[in-house]
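Accompanying notes for the structure given below.
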Amino acid sequence: MALALGDLIAELGGELHGDPAAVVRGLAPLESATSADLSFLSNPRYRAQLRDSQAACVIVAPALLDEACARGPAIAVADPYLYFARVTQLWKRKVLGLGMVPGVHPSAVVHPDAVVDPTAAIGPLCVVERGARIGAGTELKSRVTVSERCVIGERCILHPGVVIGADGFGLAPHEGAWEKIEQLGAVRIGNDVEIGANTCIDRGALADTVIEDGVKLDNLIQIGHNVRIGRHTALAGCAGVAGSTTIGAHCTIGGRAGLVGHISIADHVHISAATVVTRSITKPGHYTGVFPLDDHAAWEKNAATLKQLHALRDRLKALEKNRP
Amino acid sequence: MALALGDLIAELGGELHGDPAAVVRGLAPLESATSADLSFLSNPRYRAQLRDSQAACVIVAPALLDEACARGPAIAVADPYLYFARVTQLWKRKVLGLGMVPGVHPSAVVHPDAVVDPTAAIGPLCVVERGARIGAGTELKSRVTVSERCVIGERCILHPGVVIGADGFGLAPHEGAWEKIEQLGAVRIGNDVEIGANTCIDRGALADTVIEDGVKLDNLIQIGHNVRIGRHTALAGCAGVAGSTTIGAHCTIGGRAGLVGHISIADHVHISAATVVTRSITKPGHYTGVFPLDDHAAWEKNAATLKQLHALRDRLKALEKNRP
Amino acid sequence: MALALGDLIAELGGELHGDPAAVVRGLAPLESATSADLSFLSNPRYRAQLRDSQAACVIVAPALLDEACARGPAIAVADPYLYFARVTQLWKRKVLGLGMVPGVHPSAVVHPDAVVDPTAAIGPLCVVERGARIGAGTELKSRVTVSERCVIGERCILHPGVVIGADGFGLAPHEGAWEKIEQLGAVRIGNDVEIGANTCIDRGALADTVIEDGVKLDNLIQIGHNVRIGRHTALAGCAGVAGSTTIGAHCTIGGRAGLVGHISIADHVHISAATVVTRSITKPGHYTGVFPLDDHAAWEKNAATLKQLHALRDRLKALEKNRP
Numbered sequence: 001m002a003l004a005l006g007d008l009i010a011e012l013g014g015e016l017h018g019d020p021a022a023v024v025r026g027l028a029p030l031e032s033a034t035s036a037d038l039s040f041l042s043n044p045r046y047r048a049q050l051r052d053s054q055a056a057c058v059i060v061a062p063a064l065l066d067e068a069c070a071r072g073p074a075i076a077v078a079d080p081y082l083y084f085a086r087v088t089q090l091w092k093r094k095v096l097g098l099g100m101v102p103g104v105h106p107s108a109v110v111h112p113d114a115v116v117d118p119t120a121a122i123g124p125l126c127v128v129e130r131g132a133r134i135g136a137g138t139e140l141k142s143r144v145t146v147s148e149r150c151v152i153g154e155r156c157i158l159h160p161g162v163v164i165g166a167d168g169f170g171l172a173p174h175e176g177a178w179e180k181i182e183q184l185g186a187v188r189i190g191n192d193v194e195i196g197a198n199t200c201i202d203r204g205a206l207a208d209t210v211i212e213d214g215v216k217l218d219n220l221i222q223i224g225h226n227v228r229i230g231r232h233t234a235l236a237g238c239a240g241v242a243g244s245t246t247i248g249a250h251c252t253i254g255g256r257a258g259l260v261g262h263i264s265i266a267d268h269v270h271i272s273a274a275t276v277v278t279r280s281i282t283k284p285g286h287y288t289g290v291f292p293l294d295d296h297a298a299w300e301k302n303a304a305t306l307k308q309l310h311a312l313r314d315r316l317k318a319l320e321k322n323r324p
Numbered sequence: 001m002a003l004a005l006g007d008l009i010a011e012l013g014g015e016l017h018g019d020p021a022a023v024v025r026g027l028a029p030l031e032s033a034t035s036a037d038l039s040f041l042s043n044p045r046y047r048a049q050l051r052d053s054q055a056a057c058v059i060v061a062p063a064l065l066d067e068a069c070a071r072g073p074a075i076a077v078a079d080p081y082l083y084f085a086r087v088t089q090l091w092k093r094k095v096l097g098l099g100m101v102p103g104v105h106p107s108a109v110v111h112p113d114a115v116v117d118p119t120a121a122i123g124p125l126c127v128v129e130r131g132a133r134i135g136a137g138t139e140l141k142s143r144v145t146v147s148e149r150c151v152i153g154e155r156c157i158l159h160p161g162v163v164i165g166a167d168g169f170g171l172a173p174h175e176g177a178w179e180k181i182e183q184l185g186a187v188r189i190g191n192d193v194e195i196g197a198n199t200c201i202d203r204g205a206l207a208d209t210v211i212e213d214g215v216k217l218d219n220l221i222q223i224g225h226n227v228r229i230g231r232h233t234a235l236a237g238c239a240g241v242a243g244s245t246t247i248g249a250h251c252t253i254g255g256r257a258g259l260v261g262h263i264s265i266a267d268h269v270h271i272s273a274a275t276v277v278t279r280s281i282t283k284p285g286h287y288t289g290v291f292p293l294d295d296h297a298a299w300e301k302n303a304a305t306l307k308q309l310h311a312l313r314d315r316l317k318a319l320e321k322n323r324p
Numbered sequence: 001m002a003l004a005l006g007d008l009i010a011e012l013g014g015e016l017h018g019d020p021a022a023v024v025r026g027l028a029p030l031e032s033a034t035s036a037d038l039s040f041l042s043n044p045r046y047r048a049q050l051r052d053s054q055a056a057c058v059i060v061a062p063a064l065l066d067e068a069c070a071r072g073p074a075i076a077v078a079d080p081y082l083y084f085a086r087v088t089q090l091w092k093r094k095v096l097g098l099g100m101v102p103g104v105h106p107s108a109v110v111h112p113d114a115v116v117d118p119t120a121a122i123g124p125l126c127v128v129e130r131g132a133r134i135g136a137g138t139e140l141k142s143r144v145t146v147s148e149r150c151v152i153g154e155r156c157i158l159h160p161g162v163v164i165g166a167d168g169f170g171l172a173p174h175e176g177a178w179e180k181i182e183q184l185g186a187v188r189i190g191n192d193v194e195i196g197a198n199t200c201i202d203r204g205a206l207a208d209t210v211i212e213d214g215v216k217l218d219n220l221i222q223i224g225h226n227v228r229i230g231r232h233t234a235l236a237g238c239a240g241v242a243g244s245t246t247i248g249a250h251c252t253i254g255g256r257a258g259l260v261g262h263i264s265i266a267d268h269v270h271i272s273a274a275t276v277v278t279r280s281i282t283k284p285g286h287y288t289g290v291f292p293l294d295d296h297a298a299w300e301k302n303a304a305t306l307k308q309l310h311a312l313r314d315r316l317k318a319l320e321k322n323r324p
């Protein structure tokens with residue numbers, strides 16, 4: 001469990017200021033790194049931590065190199081956070097020797113009419129239904145369901161408990177009860193998509209639900225039927241997107257955010273955590289709608305007053321009219 | 001994969017204006033339908049799409065029949081959306097040849113003391129615990145758990161990952177720690193209930209948690225212990241109902257809405273998406289409580305001011321008093 | 001299915017006013033108890049129910065003993081709710097004869113390099129991955145995943161669908177796409193922790209995600225990577241905690257509440273249901289931030305005005321300046 005700094009540089013590039021034969025035995029944040037750990041500084045706000053860090057070596061941007069070298073060994077790279085991401089990948093592969101093992105676990109239930117690429121990995125107790133297709137290099141971790149006719153692209157990761165292709169929530173009211181609208185579409189997922197634990201993506205009613213290349217979904221997310229999510233958009237945990245909504249490319253949707261159905265979100269839109277999006281958004285930007293936290297007693301007063309807000313506005317107007 | 005319009009009418013009724021021998025090969029929304037597709041118009045707001053649609057045939061209400069016939073073949077029915085729902089059912093059964101296959105999948109784990117109706121279908125990797133009962137015509141899709149002594153009625157559908165009858169969250173505080181209250185009740189689910197993927201319904205503490213006939217639950221919903229949900233009520237994705245709350249019949253609860261515990265909701269109440277219900281509702285109606293979406297900078301200003309709202313009201317009052 | 005009151009007292013203590021040979025055949029709340037049921041009154045607010053209850057015997061605090069005895073048999077104890085919790089435990093064990101059965105269910109998939117204590121119970125269709133460790137007396141109900149190298153302490157209960165140790169949501173932006181940060185840490189869970197159905201706890205990026213002793217998590221909760229939750233803190237259903245946030249000991253987090261990442265919450269903090277915590281909280285107390293429920297038409301007016309709130313404040317200020 002060790003990596004020489006020289007070997008790291010040989011694999012990933014970067015400008016080493018220090019002994020290439022020196023080894024690191026772990027990766028750690030600046031504040032907890034020991035003298036055996038490699039660390040990194042990506043946000044200049046935390047530069048105060050640099051001086052005091054015990055890290056064996058620190059990855060920094062060129063602008064902070066002098067500061068880092070005053071402390072000890074350093075690697076200068078244009079984007080320390082990206083470089084660090086690649087170090088974690090290298091570490092997993094080379095130092096820990098971990099990686100995907102292609103093949104279908106004997107406990108998985110794969111329908112004979114499903115197509116699983118021989119380089120894909122289907123983990124323990126997964127279910128792949130009739131007509132489903134799993135692309136090259138894709139990994140279903142454990143207890144994942146991919147329903148009938150759903151298609152997963154290449155190099156995707158589906159974490160435990162994911163459900164792809166359950167029926168969308170389609171109901172027609174009839175004499176006080178609900179008539180089921182059978183969900184005849186499927187789910188199509190592009191390449192390089194990662195889907196977090198227990199996240200659900202429903203199949204379309206007529207056409208398909210579509211997740212484009214490079215989309216990243218965290219845990220416990222709900223994607224309704226006929227949603228389309230554009231390339232490289234990321235949704236944080238517990239987000240939800242109701243049916244027939246379209247999200248553009250390169251968006252970020254914060255944790256617990258919710259989008260109602262049948263709306264359209266432009267590219268490069270950023271939604272804050274826990275915000276509810278009730279209308280289409282046509283312009284890139286950062287949007288928020290969250291009740292501010294307060295101590296409970298203060299909240300009670302303000303919340304009660306909020307229910308009279310429109311009336312307060314009218315009273316203000318009246319005062320303004322009567323202004324001498 | 002084709003259906004003659006005449007056969008459709010023979011099965012489902014409706015007034016055909018067009019050639020009964022003409023066949024349709026798919027179902028599609030008006031705007032994307034090709035000349036081989038059957039489509040429908042249920043909301044008069046979208047009548048503009050009717051004229052331009054390429055659909056082979058369109059299902060419409062009698063009031064729009066002339067308009068539809070000016071374009072091509074049409075089927076007139078009193079409720080086009082309901083009719084369309086039945087078309088999807090027919091399509092699944094007759095054209096796609098899909099349907100439930102009764103029996104227990106060999107990978108499912110069914111306790112010898114559970115009772116599964118011979119016409120029920122228990123899918124791959126489901127768990128049915130001791131004393132549980134699964135009614136006639138009910139389908140557990142895959143990876144569903146039905147815990148000890150829980151009862152599922154007839155013609156229900158439980159989607160992948162559903163958990164029926166996990167312990168309710170019952171804890172008594174004791175010297176800074178929590179003492180478990182064993183959950184001795186069960187879950188009773190009526191007939192014609194549909195439960196979405198990864199939704200959880202907890203068992204009752206003493207009495208049972210009850211889901212009445214015809215209730216529809218979307219994905220990732222949490223139903224606490226001793227909740228009762230009345231007939232034909234529908235909850236959209238990510239909704240949550242805390243313990244001992246009662247919801248009446250014929251309600252709709254929007255996605256991500258949350259109800260606190262120990263309250264009671266009347267029949268015919270409609271709760272908007274993401275609304276938090278903190279008190280009982282005794283009158284039918286439409287209720288909402290959501291922070292409105294705004295661009296982030298505007299939200300920041302308004303949210304900060306909101307924390308002074310009660311004080312602003314007092315200042316307004318003072319001005320009113322001093323009015324000349 | 002019966003328990004003599006004298007046997008109950010012998011096991012759990014308490015002061016019986018009534019015949020020790022009398023038997024109870026069920027446990028029930030005051031309002032629904034039959035003359036065969038044992039009941040309890042923990043909240044003096046419900047004392048009116050005491051008089052009318054049909055219960056065979058009622059557990060009460062000493063202050064209510066006279067009132068209870070005027071009605072019939074009673075057990076006086078210092079903390080009736082705690083006592084009732086212990087009655088449910090006794091009932092489950094002695095009357096229903098239910099309890100954990102140690103061992104690994106034959107349908108579970110346990111990696112040969114995982115360590116499962118012989119007194120632990122691994123239920124049907126669970127997955128325990130390489131290097132994971134399950135402590136003494138811990139129960140995994142059914143369909144639980146414990147991923148590589150995650151450690152579960154003693155006497156824990158993990159309900160169906162729980163996912164421990166899926167990858168945290170770690171991504172570095174790169175040229176419009178996302179580079180994966182491999183999650184090299186694990187999850188460490190202390191003793192006496194209960195985790196609700198379909199709840200997810202992600203593994204840490206570098207260091208571990210930590211759940212301390214006695215923590216109670218309800219269903220469908222999301223715990224991000226590198227979160228730490230202090231001893232005896234309880235989170236209700238659908239709560240979410242984003243990455244690297246620390247919650248102190250003895251906190252309660254209401255259902256659907258959300259905490260953003262990289263913040264710190266002191267001990268003894270109580271967060272109301274559905275509140276979003278966007279900053280650190282350094283003082284014990286009760287905090288809330290929820291949009292108040294209203295009928296939809298009233299909400300619409302107030303929500304629209306809320307978007308002008310800051311401007312209203314400025315207009316109020318202007319009026320105040322011009323006051324004669």
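Protein sequences, first through last, are from chains A, B and C.
Heads up, the first sequence is in the UniProt record's numbering, so the first residue is 1 and it goes up one at a time.
Heads up, the second sequence is in the UniProt record's numbering, so the first residue is 1 and it goes up one at a time.
Heads up, the third sequence is in the UniProt record's numbering, so the first residue is 1 and it goes up one at a time.
Beta carbons: idealized from backbone N, C-alpha and C, even for Gly.
Computed from a predicted model, the values in this text were never measured in an experiment.
Which of helix, strand or coil DSSP assigns to residue i
i	result
B/K307	coil
A/K92	helix
A/E148	coil
C/R86	helix
A/E194	strand
residue 378 of chain B	Nothing can be reported for residue 378 of chain B: it is not among the residues displayed for chain B, which extend from 1 to 324.
B/H174	strand
Which listed residue (the options) has its alpha carbon closest to that of residue i
i	options	result
B/A28	B/H159, B/V162 and B/A85	B/A85
B/C156	B/I189, B/D208 and B/A205	B/I189
C/V24	C/K94, C/W178 and C/Y46	C/K94
residue 340 of chain A	A/R231, A/T278, A/D218 and A/G230	What is shown of chain A runs 1 to 324, which leaves residue 340 of chain A out entirely.
C/R47	C/V128, C/S147 and C/D66	C/D66
B/A298	A/Q222, A/N191, A/T305 and A/Y287	A/Y287
A/C150	A/A177, A/A186 and A/A234	A/A186
C/P112	C/D19, C/R71, C/T305 and C/E129	C/E129
First and last residue of the uninterrupted beta strand (DSSP E) at residue i
i	result
C/R188	V187 to I189
C/D202	C200 to D202
Residue span of the alpha helix (DSSP H) that contains residue i, given as start and end
i	result
B/A10	L5 to L12
B/E15	Element bounds for B/E15: not the alpha helix (DSSP H) but the beta strand (DSSP E), E15 to H17.
B/L65	L65 to C69
**Touch test, the segment 263-281 of chain C against the segment 279-287 of chain A, Cβ-Cβ under 8 Å, three pairs minimum** = no
**Prompt:** Between the segment 100-108 of chain C and the segment 119-133 of chain C, do at least 3 Cβ pairs fall closer than 8 Å?
**Reply:** yes
**Request:** With 9 Å as the limit, tell me which residues of the segment 222-246 of chain B have their beta carbon closer than that to any beta carbon of chain A; keep them in chain order.
**Result:** R231, H232, A234, A236, G237 and C238
**Message:** I'd like to know if the segment 187-204 of chain C and the segment 110-120 of chain A are in contact, where contact means that at least 3 CB-CB pairs between them fall below 8 Å.
**Reply:** no
**Message:** Can you pull out the residues from the segment 242-272 of chain A whose beta carbon lies closer than 7 Å to at least one beta carbon of chain B?
**Reply:** A242, G258, V260 and S272
**Request:** Please determine if the segment 237-248 of chain C and the segment 219-227 of chain C are in contact, where contact requires at least 3 C-beta pairs separated by less than 8 Å.
**Result:** yes
**Request:** Report the residues of the segment 193-204 of chain A with a CB closer than 8 Å to any CB of chain B, ordered along the chain.
**Result:** N198, C200 and D202
**Request:** Pull out every residue of the segment 172-195 of chain A whose Cβ sits closer than 7 Å to any Cβ of chain B, in chain order.
**Result:** A172, H174, G176, A177, W178, E179, K180, I181, E182 and L184
**Item:** Residues in the segment 67-93 of chain B having any Cβ partner in chain A nearer than 8 Å
**Value:** D79, Y81, L82, F84, A85, R86, T88, Q89, W91 and K92
**Request:** Report yes or no: do the segment 78-92 of chain A and the segment 168-181 of chain C share at least 3 C-beta pairs separated by less than 8 Å?
**Result:** yes
**Request:** Could you run through the segment 282-301 of chain C and flag, in chain order, every residue whose CB is less than 8 Å away from some CB of chain A?
**Result:** G285, H286, Y287, T288, G289, V290, F291, P292, D294, A298 and K301
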